[in-house]
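These notes concern the structure reproduced below.
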Amino acid sequence: MLDARQLEALAAVLEHGGFGPAAQALHLTLAAVSLRIKGLEAALGQRLLVRGKTVRATPAGQALLAHIKQLRLMEADLLGGLPLSKDAKDGAPAWQTLGVAVNADSLASWLLPGVAASLARHRLLLDVVIDDQDHTHDALKNGDVVGCVSTLAQPMRGCLAEPLGVMRYRAVAAPALVQQCRSKTGAVSVHRLLAIPAIIFNRKDGLQDAFLAQHFALSAPQYPRHFVPAVDAYDSALAHGMGWGMVPDQFLVQREGRLPLEELLPGSAVEVALYWHHWEREPVSAQRLTGAVKEAAGGLV
């Protein structure tokens, strides 16, 4: 049997970023936290933490942290059904926090609006990790979240990958910039396009490269780039003519009253299939989140 106090110490060190902050959070001495971690490592026969200027988990430590978070959720579900877990003032069950990893476009366009009512009804709190849709799966693998929106179709061991639908991204720019990209015949000149900066969400974002590969057969093209990692600022950069970028249909239909954007190649989109990855055996609270996410994605293609 794993020692609950040792598990609590491990989680505190990883969640608070070090032994000192963990000791403060647990109201223990630094030595006591260190002894609990050493005891857990001795019991398991392997290192769980990489110690240095920053403390991080080993693969075994990451697996154990994921286990700890699962235990917390199952315990919260159990206590939620007991009279003693009720708040004496209003009789409401305690709020539960669930970590999710999702790309910014999905979060703002369909996920938050779609799950808001269910979260309030079941008193669930989200701890959101923002990452590119090709990389959110890492947070689930590391045990940081209970589910993620990902482009990967294959689930890892012990998980399910359920299709959510497709988001269509279109290459757009301010009207004046679109005209600069066109030749005398009115067709888009790829050479002119590559001379204009692209607006890219972050360095993991490969949508522009996918667009150029799919519609111009270009591999690893070189072009100037702005990096703007915020949804509203990204739209603003496009609308003010800073460059061209990829925007999902869900955002384009919500732009009424803003500065106009035009599609570079009308009717030409990059389709991104999304999947909801979650543990096959998950607590009731996580099951409710899974149901809410799948229902929220009903508006996708």
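Following the working numbering, the numbering of the sequence shown begins with 45 at its first residue and continues without gaps. By construction, the Cβ of each residue, glycine as well, lies at the ideal position given by its N, Cα and C atoms.
Beta-carbon gap between residue i and residue j smaller than 8 Å
| i | j | result |
| --- | --- | --- |
| Ala340 | Val189 | no |
| Ala56 | Ala66 | yes |
| Leu308 | Ala218 | no |
| Gln50 | Gly83 | yes |
| Leu54 | Leu122 | no |
| Val144 | Cys203 | no |
| Gln177 | Asn147 | yes |
| Leu256 | Pro265 | yes |
| Ala231 | Tyr267 | no |
| Leu70 | Val77 | yes |
| Ala283 | Leu305 | yes |
Cβ distance (whole Å) where residue i is taken to contact residue j below 8 Å
| i | j | result |
| --- | --- | --- |
| Ile240 | Phe271 | No, Ile240 and Phe271 are not in contact; Cβ-Cβ is about 16 Å, not under 8 Å. |
| Ile174 | Leu151 | 7 Å |
| Leu221 | Gly285 | 5 Å |
| Leu208 | Leu318 | 4 Å |
| Arg212 | Gln224 | Contact doesn't hold; Cβ gap of about 25 Å is too wide. |
Buried versus exposed call for residue i [16 or more other C-beta atoms within 10 Å across all chains shown]
| i | result |
| --- | --- |
| Thr229 | exposed |
| Trp288 | buried |
| Ala132 | Any reading at Ala132 must be qualified, since the residue scores a pLDDT of 44, below 50, and its modelled position is unreliable; the value itself is stated next. Exposed: under 16 other Cβ atoms inside 10 Å. |
| Met200 | exposed |
| Met45 | exposed |
| Glu326 | buried |
| Arg247 | exposed |
| Ser129 | Summary for Ser129: the model assigns pLDDT 47, below 50, so the residue's position carries little reliability; its value from the coordinates is reported in the next sentence. By the 10 Å Cβ count, Ser129 comes out exposed. |
| Ala197 | exposed |
| Arg80 | buried |
| Ala86 | exposed |
Of the residues the options, the one placed nearest residue i, counting alpha carbons only
| i | options | result |
| --- | --- | --- |
| Pro119 | Gln106, Asn147, Gln140 | Inspection of the sequence shows that residue 119 is occupied by Glu rather than by Pro. Nearest option by C-alpha distance: Gln140. |
| Val291 | Ala242, Leu170, Ala215 | Ala215 |
| Ala138 | Ser233, Ile174, Met211, Ser329 | Ser329 |
| Ser33 | Ala197, His259, Val210, Glu326 | Limits of the chain in this structure are 45 at one end and 345 at the other, which puts residue 33 out of reach. |
| Asn186 | Pro310, His322, Val345, Ala283 | His322 |
| Pro310 | Trp320, Asp293, Ala205 | Asp293 |
Within-8 Å CB hit, residue i to chain B
| i | result |
| --- | --- |
| Ala69 | No chain B appears in the structure shown, which is made up of a single protein chain. |
### Query
If you pair each beta-carbon of the region 173-192 with each one of the region 289-305, do three or more pairs fall below 8 Å?
Two segments are said to touch when three or more pairs of C-beta atoms, one from each, lie closer than 8 Å; by this definition the region 173-192 does not touch the region 289-305.
### Task
Say whether the region 149-163 touches the region 108-117, bearing in mind that this needs 3 or more beta-carbon pairs closer than 8 Å, one atom from each stretch.
No, they do not touch.
### Query
Do three or more CB pairs link the region 165-180 to the region 322-341 at distances below 8 Å?
In short, these stretches touch, since the Cβ pair count reaches three.
### Message
Closer than 8 Å is the cut-off here; do at least three beta carbon pairs connect the region 300-320 with the region 94-103?
### Response
Touching, no, given that fewer than three Cβ pairs across the two stretches are closer than 8 Å.
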